[in-house]
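Number 1092 in the numbering used here belongs to position 47 of the sequence shown; there are no gaps in the numbering. Everything below concerns the one structure shown next.
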Amino acid sequence: MAYDVNTIFQIAGIGIVVAMIHTVLKQMGKEDWAHWVTLIGFVVVLYMVATIVDDLFQKIRSVFLLQG
């Protein structure tokens, strides 16, 4: 569980890129594609956060149950 500031920057970078793509697509009149891009970006970030939270719970379980 060696997460550092890079993970936060990756999530922020994904958010910035998704926001830019969403804005461009919305200005082009392709709002349905813009919403899909936003949804896909959200799912990617949600997967990243879920992986981190899973690692955190595994670490907590190993500390309190004294299992390696």
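Quick reminder that beta carbons are idealized off the backbone N, C-alpha and C, glycines included. Quantities reported herein were computed from a predicted structural model and do not represent experimental measurements.
Is it the case that the region 1061-1075 contacts the region 1091-1099, given that we only count it when at least three CB pairs across the two stretches are under 8 Å? no
Using only the alpha-carbon positions, how far apart do PHE1054 and ALA1064 sit? 15 Å
Option nearest ILE1061 by Cα separation, candidates ASN1051, THR1083, ASP1049 and VAL1050: THR1083
Return helix, strand or coil for GLY1074, following the three-state DSSP convention. coil
Could you check the C-alpha separation between LEU1110 and VAL1089 for me, to the nearest Å? 31 Å
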